Amino acid sequence: MDLIGGINSVITATKSLREASKAIEDAQFSLMVSDLNLQLVDLQSEVARLVEENEQLKRELNKKKERKITVLGDFCYVNNSDNIPVGKAYCTSCYENYETLNSFTTLGSLTVCTKCKSTVNVMDAKRIMTPDLFETVKADHSDIIRYL
Ligand SMILES: [Zn+2]
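According to my numbering, the sequence shown is numbered sequentially starting from 3.
What follows is the structure in structure tokens.
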């Protein structure tokens, strides 16, 4: 039985109980049944919210699983559909520790990650990766390339 279906069954049973309580004509019993019904409606709402949140988290997780990353030392890049890194550079440390893509900003003479504040080379941080550039980098620095 799914959770929402189960709660709906309990609410239906509570409504039947409330109808039966009218015949009993016990005010306190009717009040308890009404209170129970209200609590079940609140619970149903909370379960619906949690189910939606769970679905959203599943979608985000699948999106992350689908994303392929190439690491070049301190920098990582998102791969395109041909599995080649392209676009702006992100912080490798943040990706490995938090699985988040954080870019860099310039603070005075330093270029730092916007999240973990690790310092990197300004020219490398500003480099926009292209398939042609990656071919060059791959030829010169194959020792620092990792595929995640
Ligand atoms: Zn970082």
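For glycine and all other residues, C-beta sits at the position ideal for the given N, C-alpha and C.
Treat the numbers as computed from the prediction; the structure is a model and nothing was measured.
Range of the contiguous alpha helix (DSSP H) that encloses residue i
{"i": "L74", "result": "From DSSP, L74 is part of no alpha helix (DSSP H) but of the beta strand (DSSP E) over 71-74."}
Supposed contact pair residue j and residue i - C-beta distance, whole angstroms, cut 8 Å
{"i": "V88", "j": "Y97", "result": "Actually they do not touch by this definition, with Cβ atoms about 16 Å apart."}
{"i": "A50", "j": "I13", "result": "Incorrect: roughly 13 Å between the Cβ atoms, too far for contact."}
Three-state class that DSSP yields for residue i in the structure shown
{"i": "E56", "result": "Sequence check: residue 56 is Asn here, not Glu. DSSP places N56 in helix when its eight states are reduced to three."}
{"i": "T102", "result": "coil"}
{"i": "R129", "result": "coil"}
{"i": "K1", "result": "Since the displayed the chain opens at 3 and closes at 150, residue 1 lies outside it and no answer follows."}
{"i": "G110", "result": "coil"}
{"i": "N10", "result": "helix"}
Distance cut-off 7 Å: residue i Cβ against heavy atoms of ligand 1
{"i": "N123", "result": "no"}
Segment limits, beta strand (DSSP E) that includes residue i
{"i": "I86", "result": "Note, I86: premise wrong, no beta strand (DSSP E); not H, not E."}
{"i": "I147", "result": "147-149"}
Q) Within the structure, which residues are defined as neighbours of ligand 1 by a Cβ-heavy atom distance below 6 Å, reported in chain order? A) C93, S95, C96, N104, C115, K117, C118, S120
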